[in-house]
Amino acid sequence: MKQNSTAYSQRLLRGQSPSYERLQARLAEDGSPVDAQPLALHCGWGRLLIGHTYPDPASLANELLNEKPGERDIALYVAAPQQVLAQSPQQLFLDPSDTLRLWFSDYRPAQRVFRGFRIRRAQNSNDWQAINNLYLARGMLPIDPELLTPRHQGGPVYWIAEDESSNAVIGSVMGLNHQKAFNDPEKGSSLWCLAVDPQCTRPGVGEVLVRHLVEHFMSRGLSYLDLSVLHDNEQAKALYAKLGFRNLPTFAIKRKNGINESLFLGPGPLGDFNPYARIIVEEAHRRGIEVQVDDAEAGLFTLAYGGRRIRCRESLSDLTSAVSMTLCQDKSMTHRALKAAGLNLPAQQRAGETEANLAFLQAHRQIVVKPLDGEQGQGVAVNLRTPEEMQDAIERARQFDSRVILESFHEGLDLRIVVIGFEVVAAAIRRPAEVVGDGRHTIGQLIEAQSRRRSAATGGESKIPLDEETERTVRDAGFTYDSVLPLDQHLAVRRTANLHTGGCLEDVTGILHPVLNDAAIRAARALDIPVVGLDLMVPAADQAEYVFIEANERVGLANHEPQPTAERFVDLLFPHSLPVHS
Numbered sequence: 001m002k003q004n005s006t007a008y009s010q011r012l013l014r015g016q017s018p019s020y021e022r023l024q025a026r027l028a029e030d031g032s033p034v035d036a037q038p039l040a041l042h043c044g045w046g047r048l049l050i051g052h053t054y055p056d057p058a059s060l061a062n063e064l065l066n067e068k069p070g071e072r073d074i075a076l077y078v079a080a081p082q083q084v085l086a087q088s089p090q091q092l093f094l095d096p097s098d099t100l101r102l103w104f105s106d107y108r109p110a111q112r113v114f115r116g117f118r119i120r121r122a123q124n125s126n127d128w129q130a131i132n133n134l135y136l137a138r139g140m141l142p143i144d145p146e147l148l149t150p151r152h153q154g155g156p157v158y159w160i161a162e163d164e165s166s167n168a169v170i171g172s173v174m175g176l177n178h179q180k181a182f183n184d185p186e187k188g189s190s191l192w193c194l195a196v197d198p199q200c201t202r203p204g205v206g207e208v209l210v211r212h213l214v215e216h217f218m219s220r221g222l223s224y225l226d227l228s229v230l231h232d233n234e235q236a237k238a239l240y241a242k243l244g245f246r247n248l249p250t251f252a253i254k255r256k257n258g259i260n261e262s263l264f265l266g267p268g269p270l271g272d273f274n275p276y277a278r279i280i281v282e283e284a285h286r287r288g289i290e291v292q293v294d295d296a297e298a299g300l301f302t303l304a305y306g307g308r309r310i311r312c313r314e315s316l317s318d319l320t321s322a323v324s325m326t327l328c329q330d331k332s333m334t335h336r337a338l339k340a341a342g343l344n345l346p347a348q349q350r351a352g353e354t355e356a357n358l359a360f361l362q363a364h365r366q367i368v369v370k371p372l373d374g375e376q377g378q379g380v381a382v383n384l385r386t387p388e389e390m391q392d393a394i395e396r397a398r399q400f401d402s403r404v405i406l407e408s409f410h411e412g413l414d415l416r417i418v419v420i421g422f423e424v425v426a427a428a429i430r431r432p433a434e435v436v437g438d439g440r441h442t443i444g445q446l447i448e449a450q451s452r453r454r455s456a457a458t459g460g461e462s463k464i465p466l467d468e469e470t471e472r473t474v475r476d477a478g479f480t481y482d483s484v485l486p487l488d489q490h491l492a493v494r495r496t497a498n499l500h501t502g503g504c505l506e507d508v509t510g511i512l513h514p515v516l517n518d519a520a521i522r523a524a525r526a527l528d529i530p531v532v533g534l535d536l537m538v539p540a541a542d543q544a545e546y547v548f549i550e551a552n553e554r555v556g557l558a559n560h561e562p563q564p565t566a567e568r569f570v571d572l573l574f575p576h577s578l579p580v581h582s
């Protein structure tokens, strides 16, 4: 035990969490005012209830039961959780998170410099909106800054990480000074709501936010920083262990509600679903629709409501006919159907004899090669300019389908439009995977780090493959995997913007041009498909020009949050069901 740790702290680390009586006694020992009243601090998304400021389990349980709809309260530092749970076992539960502590005497400053972003406090409405966009992207509750306990009353402070090039908010964290909040005799602090943009290309953002909070509270004369992390969040735990945090045997309690459902019910069979299936079954659960798990690994489930049963594989359901599905899967048939509807399309032909392939390349100079029936960007190569590149790409595409398509290449932005029930529900510009140099790491290292972040943020669904296409893209830019990318230089490492190969999304639903909206609906009707993701190349989302690329019968709805894709999908399947809001 640290020599500077008091008996009070030693009791805590032995599992004797501070009680109301101990806190009052310690305040008296220190000559501090004995004013430890039950404390509830509002953090914008709910309240933190400081467990040892409540005189008995009943008063703490009652306060948790006063949680407001749509919020999430957390009671922390609970010494005897079984006594609190006993007050209302049907409504309260023990949070399955670990509490970690970093004693500032154990802290060691960073040995490397992280560049490309700065840390500052949230200051205005634009900052709060940016934080909320970030939290929604990570499945967290947004903040209502009007509800925050004021700082002069011990309320929290939110910090943001801001990209120096784009001024975009790429991370955020909340800190709480316990000495200000409840006159903590141990001079502690805590960290909450650490989040980094899953599309962030800057390394070290999460680590720098934690270090900033540590050093900020150290400068205020505090002694330690506590935090709560889900027991199975291995990536976060690895970061905290690196910084010197260690387990603290104390407990947190929450109220059972729709927000916390997965914590007190456990993952169950639904936990095995990928994000694209899970977003739908969670929406179905919220509406009281029965979910039967058929094959979680394959994303197969059956929904039942009011005598109606519909089987789904992610967003592909019984409502999509076999003919419509074939029209999407066979890119030649997609091309003919959309062309017959009068929509704009690239030139296209089936790869065949060498002479015909060369003639197509010569006619269009830049082409795309893709398997006739493929998905998730597999086997697709774009912006091919030489016969050698074309032939290599054809051979790679044949690994996914013996039938290969050649298309004319069109410059522009990759736009995905989601149409459900012949209405546009979401639209997003998809950008290829890229890395940003820091002047220290090789491109290969940057790709691997970026791929780890994308994989962690998407449940393993998005990774940057170190394959021939990535190597060709890097090589054509004048680099190799061993090159050190200069500070702040952006490098696209894929040419296609598919999310499964590390691409990212920028929501443009609100600015979609009416011509693009109309073209997407016409395409869905031409294919006669109720749910579809349509890919277009456009100069901008708010301009009328476009070229259709392909249609996807099993579109990933989870990629377009916070647009209500899952809600509209379940509306389509069960129009008489109504969302149940907690």
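Quick note on numbering: full-length UniProt numbering labels position 325 of the sequence shown as 325, and the sequence is numbered without any gaps. Every residue gets a Cβ at the ideal spot worked out from N, C-alpha and C, and that includes glycine. In this text the structure is predicted, and so the values were computed from the model without any measurement.
Buried or exposed by the 16-neighbour rule on C-beta atoms within 10 Å, applied to G154: Start at 1 with the first residue of the sequence shown, and residue 154 comes out as number 154. With 16 or more other Cβ atoms within 10 Å, it is buried.
At least three beta-carbon pairs within less than 8 Å, the stretch 257-266 to the stretch 239-248: no
Test item: CB-CB of L76 and L48 under 8 Å: Within the sequence shown, numbered from 1, the residue matching residue 76 stands at position 76. Within the sequence shown, numbered from 1, the residue matching residue 48 stands at position 48. Going by C-beta atoms, L76 is nearer than 8 Å to L48.
Ranges of the beta strand (DSSP E) found wholly within the stretch 344-396, counting only runs of at least 3: 348-350, 367-371 and 381-384
F264 - DSSP class collapsed to helix/strand/coil: Along the sequence shown, read from residue 1 onward, the residue named residue 264 stands at position 264. Three-state DSSP puts F264 in a helix.
Beta-ladder partner(s) of Q292, from DSSP: Residue mapping note: residue 292 aligns to position 292 of the sequence shown, counting from 1. For Q292, which the question treats as bridged, DSSP gives the partners T302.
Inside the stretch 405-459 only - beta strand (DSSP E) runs reaching at least 3 residues: 413-420, 423-431 and 434-436
Closest residue to L413 among K463, V404, P432 and K68 (Cα-Cα distance): Your numbering for residue 413 matches position 413 in the sequence shown. The shortest Cα separation from L413 among K463, V404, P432 and K68 belongs to P432.
Start and end residues, beta strand (DSSP E) containing E162: By 1-based counting over the sequence shown, the position of residue 162 is 162. Here the beta strand (DSSP E) through E162 covers V157 to D163.
Cβ pair S315, I259 closer than 8 Å: In the sequence shown, residue 315 corresponds to position 315, counting from 1. In the sequence shown, residue 259 corresponds to position 259, counting from 1. No. Outside cutoff.
Rounded separation between Q349 and D571 - CA only: On the sequence shown, position 349 is the one that residue 349 refers to. On the sequence shown, position 571 is the one that residue 571 refers to. The straight-line gap from Cα to Cα measures roughly 39 Å.
Option nearest E297 by Cα separation, candidates V474, A551 and P275: Here the question's residue 297 lines up with position 297 in the sequence shown. If we check each option's Cα against that of E297, P275 comes out closest.
Of the listed residues E71, P185, Y107 and R255, nearest to P96 (C-alpha basis): Locating residue 96 in the sequence shown gives position 96, counting from the first residue. For P96, the nearest C-alpha among the options comes from R255.
C328: first and last residue of the uninterrupted beta strand (DSSP E) it sits in: On the sequence shown, residue 328 is found 328 positions in, with the first residue counted as 1. Unbroken run through C328 is the alpha helix (DSSP H), A322 to Q329; no beta strand (DSSP E).
Runs of alpha helix (DSSP H) lying entirely within the UniProt domain "N-acetyltransferase" (117-266), each at least 4 residues, in chain order: 125-137, 178-182, 205-219, 234-243 and 261-265
Buried or exposed (CB count within 10 angstroms, at least 16 for buried), F53: The residue labelled residue 53 in the question sits at position 53 within the sequence shown. Correcting the residue type first, residue 53 is Thr in the shown sequence and not Phe. Label assigned to T53: buried.
As assigned by DSSP and simplified to three states, the class of A337: By one-based count along the sequence shown, residue 337 stands at place 337. Three-state DSSP puts A337 in a helix.
Own chain partners of S408 with C-beta closer than 7 Å, once the 5 adjacent residues on each side are dropped: Translated into positions along the sequence shown, residue 408 becomes position 408. These residues qualify, in order along the chain: P346, A347, H364 and I367.
Cβ-based burial, Q563 [other Cβ within 10 Å; buried from 16]: Locating residue 563 in the sequence shown gives position 563, where the first residue counts as 1. When all chains shown are included, Q563 counts as buried.
C-beta atoms of R430 and G342 nearer than 8 Å: Your numbering for residue 430 matches position 430 in the sequence shown. Your numbering for residue 342 matches position 342 in the sequence shown. Against a cut-off of 8 Å, the Cβ pair of G342 and R430 comes out as no contact.
Rounded C-alpha distance that separates L573 from E389: The sequence position of residue 573 within the sequence shown is 573, counting from 1. The sequence position of residue 389 within the sequence shown is 389, counting from 1. Cα to Cα, L573 sits roughly 45 Å from E389.
Cβ-Cβ distance between P198 and R453 below 8 Å: What you label residue 198 is simply residue 198 of the sequence shown in a count that begins at 1. What you label residue 453 is simply residue 453 of the sequence shown in a count that begins at 1. Result yes, Cβ atoms of P198 and R453 sit closer than 8 Å.
Length-filtered (3 minimum) beta strand (DSSP E) runs lying within the stretch 88-117: 92-94 and 97-103
Beta carbon of L338 nearer than 8 Å to that of V538: As a position in the sequence shown, residue 338 is number 338, starting the count at 1. As a position in the sequence shown, residue 538 is number 538, starting the count at 1. Not a contact, by the Cβ cut-off of 8 Å.
Cβ-based neighbour list, F569, same chain, cut-off 7 Å, excluding 5 preceding and 5 following: Within the sequence shown, numbered from 1, the residue matching residue 569 stands at position 569. Here the set comprises I280, S315, I420, V531 and L557.
With 16 other Cβ atoms within 10 Å as the buried cut-off, status of Q235: Position 235 of the sequence shown holds residue 235. Its Cβ having fewer than 16 others within 10 Å, Q235 is exposed.
CB of S88 within 8 Å of CB of D488, strictly: Counting from one through the sequence shown, the residue named residue 88 turns up at place 88. Counting from one through the sequence shown, the residue named residue 488 turns up at place 488. No, they are not a contact pair.
Inter-residue spacing [alpha-carbon to alpha-carbon] between L534 and L213: Residue numbering aside, residue 534 sits at position 534 when the sequence shown is read from its first letter. Residue numbering aside, residue 213 sits at position 213 when the sequence shown is read from its first letter. For L534 and L213, the distance between alpha carbons rounds to 44 Å.
Endpoints, beta strand (DSSP E) assigned at V532: Taking the first residue of the sequence shown as 1, we reach residue 532 at position 532. V532 -> beta strand (DSSP E) spans V531 to V538.
Stretch pair the stretch 432-449 + the stretch 483-500: three plus CB contacts closer than 8 Å: yes
Which of helix, strand or coil DSSP assigns to V493: For the purposes of this step, residue 493 is taken as residue 493 along the sequence shown, with counting starting at 1. Note: V493 maps to coil in three-state DSSP.
Euclidean distance between Cα positions of V293 and L300: Taking the first residue of the sequence shown as 1, we reach residue 293 at position 293. Taking the first residue of the sequence shown as 1, we reach residue 300 at position 300. About 7 Å.
Collapsed DSSP secondary structure at L572 in the structure displayed: Here residue 572 corresponds to residue number 572 of the sequence shown, with the count starting at 1. In the structure shown, L572 sits in a helix (DSSP, three-state: H, G or I).
Nonlocal neighbours in the same chain, by C-beta distance under 7 Å from N383, ignoring five residues either side: Walking along the sequence shown from the start, residue 383 turns up at place 383. Once the five neighbours on either side are set aside, the close Cβ partners of N383 are Q366, F409 and R495.
Simplified DSSP assignment, three categories, for N517: If you number the sequence shown from 1, residue 517 lands on position 517. Here N517 sits in helix by DSSP.
Inter-stretch contact (C-beta, 8 Å, three-pair minimum) for the stretch 172-180 and the stretch 190-208: yes
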